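A.B. asks: Would you mind keeping the following structure in view while I ask a few things?
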Amino acid sequence: MKCTHPALNGNRSQLELHLLKSLAEKEDFPAFIQYIKDPKRAFTVFLQETVTEYCQRDNSKICNILIRNLDKFKSLIQGAIEKSTEAVTPTGGDIDSWVGTFCKELVGDINISQRDFKSLQYQNITDVGFLQKAVTVALETGTQSLKEEFSKSCLTNFRRKPHEILFEQFDACWHQCPFCKAICTNTIAGHDGDHSVPFHRPQALAGWSFHGTDQFATDICTTQVASDKEFYRDWKAAPDDLFPYNNYKAAGPPYSDWSITPDNSEQCYWKWFVCRFKEDLENHYNLKFSGRGAIPELWSKYTKGDAIAELKI
């Protein structure tokens, strides 16, 4: 699946681009908010949807993979049956010898032990040839039954759900910028050094506002840290508890854990998002895009197509 699905064959950052594309295509505001506030959950949901879609579209491909793996194990077991019989027949070995050899042949491939054959003692099976035929028939019947089950299998039958396994493989740093909620792009959880992202977002996405007003802050972090503006560490801060953006690390964690380089790099994706969901954001945060927080007129020129094209996937 990871080799053939474009959303799954890269790293977490590549996966995030496909998630952002999906969010833009669906224009689902609650899903956007989940991504902004709880990215782990948003990624899990996206992976689950992606896997489900893949399996529904390519069920025959999945079935063939399962059957190939099943045939591999069938061949291993059949080989162990034959080798066990060949090993004990010349010496007149008993059932216990056959079972012992059989289990040894499968060590490292299948988790099976002699205890699994205890029922043979109660069935008074003593003939090695008979046991060989019985196990062979059971193997054939079992594999055929599994193949039929595979053809109608669904994701709920997996011991571990595929999207959960994939999530573990895409695990990385999940820290978010305290100003705009952008997710650190470092591929290692608990990495050394500061958190960082290539692009930051309008602070309105994280619910930032001008202190003492109901006006959103629409500035972008990389612009702010190049200015002489100041910010309050949190909404409970005292009136004089201000920190300069150009020395934001002085505010301590989580601000000091981030490296935000001053530049003018911006993405039209989030400008389109703010314009498209202006009223939704206002209702969600109980703030307004007015006064100092008015949406720049230039932002309204961006379309959903522009936002998706910018992702370059």
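Going left to right, the sequence shown walks through residues -15 to 297 as this note's numbering numbers them.
Virtual Cβ for every residue (Gly too), placed ideally from N, Cα, C.
Note that this is a predicted model, so its numbers are computed, not measured.
1) With 16 other CB atoms within 10 Å as the buried threshold, where does Gly277 fall?
2) Who are the near neighbours of Phe101 in its chain, counting only those whose CB is closer than 7 Å to its CB and skipping five residues on each side?
3) Mapping DSSP to helix, strand and coil, what is Ser243?
4) Look at Pro238 and Pro162 and say whether their C-beta atoms are less than 8 Å apart.
5) Determine which residues share a DSSP beta bridge with His179 and list them.
6) Per DSSP, what kind of secondary structure is Phe200 in: helix, strand or coil?
7) Using a 10 Å radius around the Cβ and a threshold of 16 neighbouring Cβ atoms, would you call Gln251 buried or exposed?
8) Smallest Cα separation from Thr287: which of Phe261, Thr171, Glu266 and Asp111?
9) Within the stretch 4 to 49, note down every full alpha helix (DSSP H) run reaching 4 residues or more, in order along the chain.
10) Count the other CB atoms, across all protein chains shown, that sit within 10 Å of the CB of Ser68; report buried if there are 16 or more and exposed otherwise.
11) Could you check what DSSP says for Leu90 in three-state terms: helix, strand or coil?
12) In this structure, does DSSP put Ser193 in helix, strand or coil?
13) Could you tell me the boundaries of the beta strand (DSSP E) in which Phe227 lies?
14) Between the beta-carbon of His184 and the beta-carbon of Tyr216, is there less than 8 Å?
15) So, at 7 Å on beta carbons, what are the nonlocal neighbours of Ala64 in its own chain, with the 5 sequence-adjacent residues on each side left out?
16) Between which two residues does the alpha helix (DSSP H) holding Glu294 run?
17) How far does the alpha helix (DSSP H) with Glu148 in it reach, from first residue to last?
18) Output needed for Ser243: all residues of its chain with C-beta closer than 6 Å, excluding positions within five of it in sequence on either side, in chain order.
19) From Gly76, Val209, Ala(-9) and His2, pick the residue whose C-alpha is nearest to that of Ala291; which is it?
20) Pair every Cβ in the stretch 109 to 120 with every Cβ in the stretch 6 to 19, then say whether three or more of these pairs are closer than 8 Å.
21) For Ile172, list the residues DSSP reports as bridge partners.
22) Is the CB-CB distance between Lys165 and Ile20 below 8 Å?
23) Less than 8 Å between the beta carbons of Leu265 and Ala190, yes or no?
24) DSSP state of Glu214, grouped into three classes?
25) Suppose you measure from the CA of Arg25 to the CA of Asp111; what does that come to, to the nearest Å?
26) Measuring alpha carbon to alpha carbon, tell me which residue in Glu37, Glu11 and Thr202 is nearest Pro146.
27) Below 7 Å CB to CB, which residues in the same chain sit around Ser249 once its five sequence neighbours on both sides are set aside?
28) For Asp176, count neighbouring C-beta atoms within 10 Å of its own C-beta (all shown protein chains included) and say buried if the count is 16 or more, exposed if not.
29) Helix, strand or coil for Gln160, going by three-state DSSP, please let me know.
C.D. replies: Per the coordinate set shown:
1) buried
2) Val83
3) coil
4) yes
5) Trp242
6) Looking at Phe200 - three-state DSSP - the assignment turns out to be strand.
7) Only buried fits Gln251, as 16 or more other CB atoms lie within 10 angstroms of its CB.
8) Phe261
9) 13 to 21 and 23 to 41, all fully within the stretch 4 to 49.
10) buried
11) coil
12) Three-state result, Ser193: strand.
13) Leu226 to Pro228
14) No, the pair does not count as a contact, with Cβ atoms beyond the cut-off.
15) Around Ala64: Phe86, Glu89 and Leu90.
16) Lys288 to Leu295
17) Looking at the DSSP string, the run of the alpha helix (DSSP H) that includes Glu148 is Pro146 to Gln153.
18) Asp178 and Ser180
19) His2
20) no
21) Paired residues: none, contrary to the question.
22) yes
23) Not in contact: Leu265 and Ala190 (Cβ atoms no closer than 8 Å).
24) strand
25) 58 Å
26) Glu37
27) Phe183 and Thr206
28) exposed
29) strand
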